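Start counting the sequence shown at 33; every next residue gets the next number (our numbering).
Don't be surprised by glycine CBs; every beta carbon is placed ideally from N, CA and C.
Please read all numbers here as calculations on a predicted model, not as lab measurements.
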Amino acid sequence: MPTQCLKHTIGLTTPLMSTPLGPPPRKSTSTANNGETPLPAVVRSKPNISFVHGLCDIRHDEAEAVLARVPSKSVDLIFTSPPYNIGKAYERSTSLAAYLEQMKPIIRECHRVLSDHGSMCWQLGNYVHAGEVVPLDLEFIAMFRALGMKVRNRVVWTFGHGLHCSRRLSGRYETIVWVTKSDTYHFDLDVIRVPQKYPGKRHFKGPKKGQLSGNPLGKNPGDVWDIPNVKHNHPEKTAHPCQFPEALVERFVRALTAPGDLVLDPFAGAGTVGAVCNGHGRRSILIEKERAYVDIARQRLNEAAVRKIGQHG
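See below:
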């Protein structure tokens, strides 16, 4: 059973791309659209930018342009990995201050579209300039808190492999900052429990003698997750240069949403969030400004439809 949770009864039933936007209506029990809860209508800002794959709607556009057309409080989870501004081929390097200023209006829009029971998860690395390391999660946490959001966890994702450094220790982790708008957020710990170190262990004395000492469903996974990063020989690997693994997204999607909920990724890249959501019965909106990555995401979703998602628990 979900803990620390008050699921709302407000949803979206506006057919995709059908009517102008307005406040989200209450959920309908109708099974129109082949039994699937429709995605919210999002007005197109230019022609031929919408691609629908199962429960996923991919938008080829700037994040701000699409977010401005998403109804307020209509999204249950925002999971994303923004451009890090570290000079990769798909980024335009700029000063840290300018980069953070560019992120602020997008974060404000994400806060607006997020439901009161919803969560935001931002996967972040480090900004390195002239040998100095600036943990980006600290900068983003300040922006989240300025909007009144509360930090629930700073999850450390450790992956064991990466670039080697000669004048400092090699980086082997990134973080996922999980924040909420309120204290009544959806969180189902049971669906992401992991095996106990000593399964079947029992109390050996006292009033609970002979009883199981741990939860029979497993233990809390904690806030340090050892998940391999995506290698070139992995089935989920695409041409995107900075792709995070499905297993990383799955835990958050399963714990922070229920089937039929709406998940949004404003920097979709290779479409990992959409692939995971399709595999777990969640609706999703992916926003990506680079057409090359939109095409990668579309191919990814087609492949995910025939490859099992959800093998990592």
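Boundaries of the beta strand (DSSP E) harbouring D297: 294-297, taken from the DSSP string. Note that the C-beta distance between I208 and C153 is below 7 angstroms. Put simply, of V183, A162, V84 the residue whose alpha carbon is nearest the alpha carbon of R199 is A162.
In terms of Cβ geometry, S151 and Y217 form a close pair [threshold 7 angstroms]. Annotated as distal: M175 and I138, with beta-carbon spacing of 7 angstroms or more. Contact between the region 229-244 and the region 288-297 is absent: fewer than 3 CB-CB pairs across the two stretches fall below 8 angstroms. For I319, DSSP records a beta bridge to R91. A direct Cα-to-Cα measurement between H196 and S202 gives close to 5 angstroms. When C-alpha distances from L146 are compared across E322, R330, R283, T289, the shortest belongs to T289. When secondary structure is reduced to three states using DSSP, M181 falls in the coil class, being assigned neither helix nor strand. Excluding five sequence positions before and after L87, the CB atoms of its chain that fall closer than 8 angstroms to its own CB belong to E68, L71, C309, N310, G313, R314, R315, S316, given in chain order. Of the residues G180, A178, A302, P115, the one whose Cα lies closest to the Cα of L168 is P115. Under DSSP, M175 shares a beta bridge with no residue. V226 is not a Cβ neighbour of P248, given a cutoff of 7 angstroms.
The beta-bridge partner set that DSSP reports for N252 is empty. Taking the Cα of V305 as reference, the smallest distance to any Cα among F111, A100, H85 is reached at F111.
Burial of D108 is indicated by the presence of at least 16 other C-beta atoms within 10 angstroms of its C-beta. Shown here for E96: same chain residues with a beta carbon closer than 7 angstroms to its own, the five before and five after excluded, namely P137, I138, E141 in chain order.
A Cβ-Cβ contact shorter than 7 angstroms links A307 with R332. At the C-beta level, E206 and W189 come within 7 angstroms of one another.
Counted as a single uninterrupted DSSP element, the stretch harbouring Q228 is not any alpha helix (DSSP H), since DSSP gives it neither H nor E.
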